[in-house]
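K.L.:
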Amino acid sequence: MTVQFDAHNAAVIADPYPALARLRQDDPVHWSDRLGGWMLTRHDDIRASLRDPRLSSDRMRPFFAHLPDETRTGLADLDAHMALWAVFNDPPVHTRLRGLMNRAFTSSAVAALRPQIATIVHGLVDDLLQRREADFIQAFAYPLPATVIAALLGVPQQDVELLKRWSDDLGSFVLTSRLSPDKYARANAAIAEMNAYFGELVEERRRTPREDVATGLVMAAERGDFLSRDELVAACVLLLFAGHETTTHLLGNGLLALLRHPDQMQMLRDRRDDSALVANAVEEMLRWDGPSLAQVRVAADDYELRGKVMRKGARVFQMLAGANRDPEVFADPDRFDITRADSSRHVTFGFGIHFCIGTPLARLEGQVAFPILMERLGDIALAAPPDWSDSIVVRGLNRLQIAYSAA
Numbered sequence: 008m009t010v011q012f013d014a015h016n017a018a019v020i021a022d023p024y025p026a027l028a029r030l031r032q033d034d035p036v037h038w039s040d041r042l043g044g045w046m047l048t049r050h051d052d053i054r055a056s057l058r059d060p061r062l063s064s065d066r067m068r069p070f071f072a073h074l075p076d077e078t079r080t081g082l083a084d085l086d087a088h089m090a091l092w093a094v095f096n097d098p099p100v101h102t103r104l105r106g107l108m109n110r111a112f113t114s115s116a117v118a119a120l121r122p123q124i125a126t127i128v129h130g131l132v133d134d135l136l137q138r139r140e141a142d143f144i145q146a147f148a149y150p151l152p153a154t155v156i157a158a159l160l161g162v163p164q165q166d167v168e169l170l171k172r173w174s175d176d177l178g179s180f181v182l183t184s185r186l187s188p189d190k191y192a193r194a195n196a197a198i199a200e201m202n203a204y205f206g207e208l209v210e211e212r213r214r215t216p217r218e219d220v221a222t223g224l225v226m227a228a229e230r231g232d233f234l235s236r237d238e239l240v241a242a243c244v245l246l247l248f249a250g251h252e253t254t255t256h257l258l259g260n261g262l263l264a265l266l267r268h269p270d271q272m273q274m275l276r277d278r279r280d281d282s283a284l285v286a287n288a289v290e291e292m293l294r295w296d297g298p299s300l301a302q303v304r305v306a307a308d309d310y311e312l313r314g315k316v317m318r319k320g321a322r323v324f325q326m327l328a329g330a331n332r333d334p335e336v337f338a339d340p341d342r343f344d345i346t347r348a349d350s351s352r353h354v355t356f357g358f359g360i361h362f363c364i365g366t367p368l369a370r371l372e373g374q375v376a377f378p379i380l381m382e383r384l385g386d387i388a389l390a391a392p393p394d395w396s397d398s399i400v401v402r403g404l405n406r407l408q409i410a411y412s413a414a
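The sequence shown begins at 8 in this note's numbering and counts up one residue at a time.
1) In terms of alpha-carbon separation, which member of 110, 62 and 215 lies closest to residue 318?
2) Hey, residue 48 and residue 66: beta-carbon distance below 8 Å or not?
3) Once you ignore the five residues that flank residue 278 on each side, which residues in its own chain have a CB closer than 7 Å to its CB?
4) So residue 93 and residue 245 are in contact, right, with Cβ under 8 Å, and what is the actual spacing, rounded?
5) Taking just the CA atoms, how far does residue 125 sit from residue 397?
6) Of the residues 193, 370, 195 and 240, which one's Cα is nearest the Cα of residue 213?
7) Hey, out of 408, 363, 298 and 399, whose CA is closest to residue 39's CA?
8) Taking the continuous alpha helix (DSSP H) assigned at residue 274, which residues delimit it?
9) Quick one: Cα of residue 36 to Cα of residue 353, how far?
10) Counting C-beta neighbours from all protein chains within 10 Å, is the total for residue 502 16 or more, i.e. buried, or is it exposed?
11) Taking the alpha carbon of residue 298 as the point to measure from, which residue in 305, 382 and 290 has its own alpha carbon closest?
12) Please state the DSSP three-state secondary structure of residue 387.
13) Any idea which residues DSSP pairs residue 24 with across the strands?
14) Taking 8 Å as the threshold (C-beta atoms), are residue 257 and residue 369 in contact?
15) Quick check on residue 43: buried or exposed, where buried means 16 or more other Cβ atoms within 10 Å of its Cβ?
16) In chain order, which continuous runs of the beta strand (DSSP E) of length 3 or greater are located wholly inside the region 135 to 165?
17) Please confirm whether residue 144 and residue 380 have their CB atoms less than 8 Å apart.
18) Which residue or residues does DSSP assign as beta-bridge partners of residue 95?
19) Just tell me which of 119, 81, 220 and 192 has its CA closest to the CA of residue 205.
20) Could you check what DSSP says for residue 306 in three-state terms: helix, strand or coil?
21) If the criterion is Cβ atoms closer than 8 Å, does the pair residue 162 and residue 120 meet it?
22) Closest to residue 113 by C-alpha separation, out of 378, 133, 266 and 222, would be which residue?
23) Quick check on this structure: which residue in 312, 243 and 192 has the alpha carbon closest to the alpha carbon of residue 55?
24) Is the beta carbon of residue 50 closer than 8 Å to that of residue 330?
25) Using DSSP with H/G/I as helix, E/B as strand and the rest coil, what is residue 338?
26) Let me know if residue 7 comes out buried or exposed under the rule of 16 or more other beta-carbons within 10 Å of its beta-carbon.
27) In this structure, how does DSSP classify residue 16 when only helix, strand and coil are distinguished?
28) Name the residue from 71, 302 and 372 whose alpha carbon lies nearest to the alpha carbon of residue 286.
29) Which same chain residues, not among the five before or five after residue 259, have their C-beta less than 8 Å away from its C-beta?
30) Take residue 383 as the anchor and find which of 361, 234, 412 and 274 has the nearest alpha-carbon.
31) Can you look up residue 408 in the DSSP assignment and give me helix, strand or coil?
32) Tell me whether residue 296 is buried or exposed, calling it buried when 16 or more other Cβ atoms sit within 10 Å of its Cβ.
33) Identify whether residue 318 lies in helix, strand or coil by the three-state DSSP scheme.
34) Under the three-state reduction of DSSP, which class applies to residue 361: helix, strand or coil?
35) Mind checking whether residue 133 and residue 146 have CB atoms under 8 Å apart?
Written out as C-alpha cells, the structure reads:
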C-alpha cells in the first residue's frame, strides 16, 4: 500500500508525527508529489545524508536560475543576497564563511549573555503579569530571542519591531510557507531594506568598533581573509534571522508540550533549580516537538538510498522531526519525558558542517527562560487551540493563547 504524506493537510500541519511514523516504517525514502521531492524519515539515513557531499545546500541558485527572466529580474535583491548565506553554500565557500562567522559568534560571547537574558525574561514576565491572558508567541517567545540576538549584534532595542517585520516577510520565503502567494515580492522588499539597514550598521562599526558580534564580523580574519561588505551584511541578516526563529519555536513548542503533559510541567516547576534537569528538559523539548520540521537539500549527483535513486537536481527533504521519533534510536519515542537519557541524540539543529551556529544561544535561552516561567507563572492553561505555521521547514506556532496567574 502506498503511504501518503499530505503536507497541505491541516491535520498533518497540526500533528505530522503519525504520518511521519508511517513513512519511517513503510516507506522511509518516499517520493512526494505534493512537495515535488524525496522525503527521508529515518534517523541514521538523515545523519548520513547531512554529511554526504552529493546532497547540496546550494538550493537558492538553482531556484532563481529556473525562474522566468522577468520574474528573476523583479527579485534581484533576493537573488543576490541569498547566495551569500553560509547555510546555502557548500565547501569551499561555506567553509570560509562559516569559519569567519565562528570567530565572531563565540561560545564565550554567548555564555556571557546569561545575566542579560535573565533580566529580559523577568521584564517580559512582568509585562505578562499585567494581564491574565496573552498570546505567548507575541508576548514572550518572539521578543525574548529577538531582543537577545539584536543586543548580541549591536542593534538598538527600538529597531527590533522593524526588524521583526522584515524577518517575517523574509521567513515566508526562506521557510517555505505554503499559504503566502505574495511571499516572493514581500521577501525581496524586506531583503532590500535589511541590506540597507545592516550596510549602515557595518560601516558604522568600521568607524567605531564596539563589543558586539557585528564588530566581531567586521574584524574577523582568517589567514588574512576578510568578509566583503556584502558578505558582512548577509552574515548579519542570517544571524538575526536564524538567531530568533529557532528559539521562538523552541519556547512556544516547549511550553505547549508542558501544557499537554502536566506531570512533566510540575516536575520542572518543582526542580527548576536543578540545572542538569533543566538542560535535559530543554533537550527533550527540542527532540519531542522541536522547531525544525525538515532541512532541504538538492542532489548534486545521483544519490542512492535503500534501493531508490534520487536523481541529480532532485529536492530532498530530510524530515528531522521524523528522525527525532525514530524507535531505533529513542526508547518509547512518542513519550515526552524530561528525564529521559537519550534526548540529546536528536538532530533538531542538523548534523555535520551545517550544524546550526546558534545552537548554544538557543539552548541557553531555553535553560534561562523555563525556570523563570515556572517560578513566576502559575495555573498556566491553553485559552484557545494552538495555531500552527504551515512551513515545511520550521515546526512552530503562529499563536499560542494562554491563561495564567501569578505563582
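Glycine included, each C-beta is placed from N, C-alpha and C at the ideal position.
P.N.:
Once the coordinates are examined:
1) 62
2) Not closer than 8 Å, so no.
3) 284
4) Yes, residue 93 and residue 245 are in contact; Cβ-Cβ is about 7 Å, under 8 Å.
5) 31 Å
6) 240
7) When only C-alpha atoms are compared, the closest one is 399.
8) 269 to 277
9) For residue 36 and residue 353, the distance between alpha carbons rounds to 20 Å.
10) The structure shown does not extend to residue 502, since the chain is modelled only from 8 through 414, so no value can be given for it.
11) 290
12) strand
13) Bridge partners of residue 24: none, in fact.
14) Yes.
15) exposed
16) 140 to 142
17) No.
18) None; residue 95 has no bridge partner.
19) Per the Cα distances, 220.
20) strand
21) no
22) 222
23) 312
24) Yes; because the gap between Cβ atoms is below 8 Å, this pair is in contact.
25) coil
26) An answer regarding residue 7 cannot be provided, because it is not within the stretch 8 to 414 covered by the chain.
27) coil
28) 372
29) The answer, listed in chain order, is 143, 144, 148, 403, 404 and 407.
30) 412
31) In this structure, residue 408 counts as strand in the three-state DSSP scheme.
32) buried
33) coil
34) helix
35) Result no, Cβ atoms of residue 133 and residue 146 do not sit closer than 8 Å.
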